[in-house]
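Each step along the sequence shown adds one to the number in the UniProt record's numbering, with nothing skipped, and position 82 is 82.
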Amino acid sequence: MNVSSTAATTSAVQPHAIALLRVSLGVMALAHGLLKVFVFTLPGTVGYFESLGLPGFMAYLTILGELGGGLALLLGVYTRWVSLAMIPLLLGATSVHLGNGWMFSNAGGGWEFPLFWSVALLVQAGLGGGSFVLSRRLR
C-alpha cells in the first residue's frame with residue numbers, strides 16, 4: 001500500500017469514524033437522560049440535585065440537555081454547537097463525583113468518566129458531524 005492509497009482510505013473512512021463518535025455520544029446522553037426520567041424518576045432526580053445543594057430546576061435543565069443534546073447528536077444536528085453546549089453538564093457531573101475518587105467503580109462513581117466524556121465532546125465539536133447527518137447545513 002502506498003502513501004496516496006493510505007491517504008485516500010483515511011479520507012474515505014474518517015467521516016464514518018466521526019459519525020461513530022457522534023452517535024456513541026448521543027446514545028450515552030440519551031441513556032443518562034432516560035435513566036433520570038424512568039429509573040431515578042423526576043422527583044428523585046430533583047431530590048438528588050437538591051441534596052447536592054443545587055436548585056431543583058437544575059435537574060430538569062440537565063435532563064433536557066441530555067435528552068435534547070443526545071437526540072441532536074444522534075441526528076447530526078448542529079453537532080459542533082450541541083457538543084460544546086453539553087460540556088458544562090459533564091463538567092458539573094465531574095465536580096459532583098470529584099470526592100469519590102478516580103474510578104467510576106468507586107462508591108458514588110468516580111470522576112474519570114464524566115471528565116473523559118467532556119473531552120470526547122470537545123473533540124466532537126472540533127471534528128463536526130461526520131457522515132449520516134440529518135442535514136449538511138445543520139451539521
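Where is the CB? At the ideal position from N, CA and C, for every residue including glycine.
If you're wondering where the values come from, they're calculated on a predicted model, not measured in any experiment.
What separation, rounded to the nearest whole angstrom, lies between the Cα atoms of His97 and Ile87?
Position 97 of the sequence shown, counted from the start, is the residue given in the question as residue 97. Position 87 of the sequence shown, counted from the start, is the residue given in the question as residue 87. Cα to Cα, the separation comes out at about 15 angstroms.
Mind checking whether Leu61 and Leu25 have CB atoms under 8 angstroms apart?
Numbered from its first residue, the sequence shown carries residue 61 at position 61. Numbered from its first residue, the sequence shown carries residue 25 at position 25. Contact: no.
Contiguous alpha helix (DSSP H) assignments of at least 4 residues, all confined to the segment 46-124
57-75, 79-97
Residue environment, Glu66, which counts as buried when at least 16 other CB atoms sit within 10 Å
On the sequence shown, residue 66 is found 66 positions in, with the first residue counted as 1. If you draw a 10 Å sphere on the C-beta of Glu66, you find 16 or more other C-beta atoms in it, and that means buried.
From Thr10, Arg22, Gly56, Ser11, residue whose alpha carbon lies closest to that of Gly128
By 1-based counting over the sequence shown, the position of residue 128 is 128. Of the candidates Thr10, Arg22, Gly56, Ser11, the one whose C-alpha sits nearest the C-alpha of Gly128 is Arg22.
Under the assumption that Gly130 contacts His16 (Cβ atoms under 8 angstroms), give the Cβ distance between them as a whole number of angstroms.
On the sequence shown, position 130 is the one that residue 130 refers to. On the sequence shown, position 16 is the one that residue 16 refers to. About 7 angstroms separates the two Cβ atoms, so the contact holds.
Identify which residue in Leu52, Ser95, Leu30, Leu91 has its Cα closest to the Cα of Ile63.
Position 63 of the sequence shown, counted from the start, is the residue given in the question as residue 63. For the residues Leu52, Ser95, Leu30, Leu91, the minimum Cα distance to Ile63 belongs to Leu30.
Taking the straight line between their C-alpha atoms, what separation do you get for Gly53 and Ala59?
Residue 53 sits at position 53 when you count from the first residue of the sequence shown. Residue 59 sits at position 59 when you count from the first residue of the sequence shown. Each residue's Cα considered, the two are about 12 angstroms apart.
Report the CB separation of Val82 from Gly69 in whole angstroms; it is logged as a contact under 8 angstroms.
Against the sequence shown, residue 82 aligns to sequence position 82. Against the sequence shown, residue 69 aligns to sequence position 69. Approximately 5 angstroms separates the beta-carbon atoms of Val82 and Gly69; this is inside 8 angstroms, confirming the contact.
In three-state DSSP terms, what is Val27?
As a working mapping, residue 27 is identified with position 27 in the sequence shown. Residue state, collapsed to three classes: helix.
Within 8 angstroms, strictly: CB atoms of Pro55 and Leu90
For the purposes of this step, residue 55 is taken as the residue at position 55 of the sequence shown. For the purposes of this step, residue 90 is taken as the residue at position 90 of the sequence shown. No; because the gap between Cβ atoms is not below 8 angstroms, this pair is not in contact.
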